[in-house]
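Here the sequence shown is numbered in my numbering, starting from 32 and rising by one per residue.
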Amino acid sequence: MEDCGNPDEVRDPTSYICPHQGLLYNMRPGCLIHPYYRNVSLRNEAFFGESICDGFTCPAHTLLADDEKRILVDLLDDWYRYTIAIIDPSTTSWLITYLNENHPSVYHSDSTMKLVLDECLMIHACSLGRRRGPVFFYSQPEYEEGKRRFTLACDGEAGAEFAEIITAVRRYT
32 MEDCGNPDEV
42 RDPTSYICPH
52 QGLLYNMRPG
62 CLIHPYYRNV
72 SLRNEAFFGE
82 SICDGFTCPA
92 HTLLADDEKR
102 ILVDLLDDWY
112 RYTIAIIDPS
122 TTSWLITYLN
132 ENHPSVYHSD
142 STMKLVLDEC
152 LMIHACSLGR
162 RRGPVFFYSQ
172 PEYEEGKRRF
182 TLACDGEAGA
192 EFAEIITAVR
202 RYT
């Protein structure tokens with residue numbers, strides 16, 4: 032697997048991502064100022080405000096199936112890999128489906144599935160880092176239009192990345 036450098040140095044400095052997203056007390060990703068996790072809502076103190084936060088769901092919320100979301104929440108404990116999975120839900124869904132249909136021994140072993148997801152998401156992160164233009168979209172229509180440039184489920188130029196992922200998966204089977 033190619034080394035893409037430090038994930039902290041990859042972030043696009045022109046994009047704004049909510050600074051209140053983080054790992055909660057239970058090491059699950061979520062909003063650190065949401066009233067569900069506090070006695071009071073602090074979202075009106077945030078950049079977007081409570082009304083925008085209440086109405087916002089990222090494309091992954093709609094596009095990923097419940098079982099796919101559960102896999103990510105249960106197995107990914109690294110904020111960077113989780114972010115890559117959420118940024119491109121079509122590739123994430125493709126990867127999980129591929130593992131379930133073609134490598135059930137990987138899919139049904141949490142420890143192996145975690146290792147495979149970790150490695151494959153870093154492969155995809157490197158690929159995303161080489162793409163021109165945005166790879167994060169706030170709405171599903173924007174994502175659907177933009178994903179054609181980078182998602183494994185659509186991108187005809189992803190042959191090398193696809194081969195690298197298949198090779199990585201085979202190491203665990």
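From the three backbone atoms N, C-alpha and C, an ideal C-beta is built for every residue, glycine too.
Short of 7 Å from the beta carbon of D108, and not among the five residues preceding or following it, lie these beta carbons of its own chain, in chain order: M58.
Residue state for G164 is assigned as coil, using DSSP reduced to three classes. With a minimum length of 4 residues, the unbroken runs of alpha helix (DSSP H) contained wholly in the region 107 to 186 fall at 110 to 118, 120 to 133, 135 to 138, 141 to 161, 171 to 177.
For L95, there is no enclosing alpha helix (DSSP H), since its DSSP letter is neither H nor E. Linking G164 to L63 through their CA atoms gives a straight-line distance of about 29 Å. Q171 is positioned such that its CB atom lies no closer than 8 Å to that of L73. In the DSSP assignment, G53 falls outside any alpha helix (DSSP H) and lies within the beta strand (DSSP E) extending over 52 to 54.
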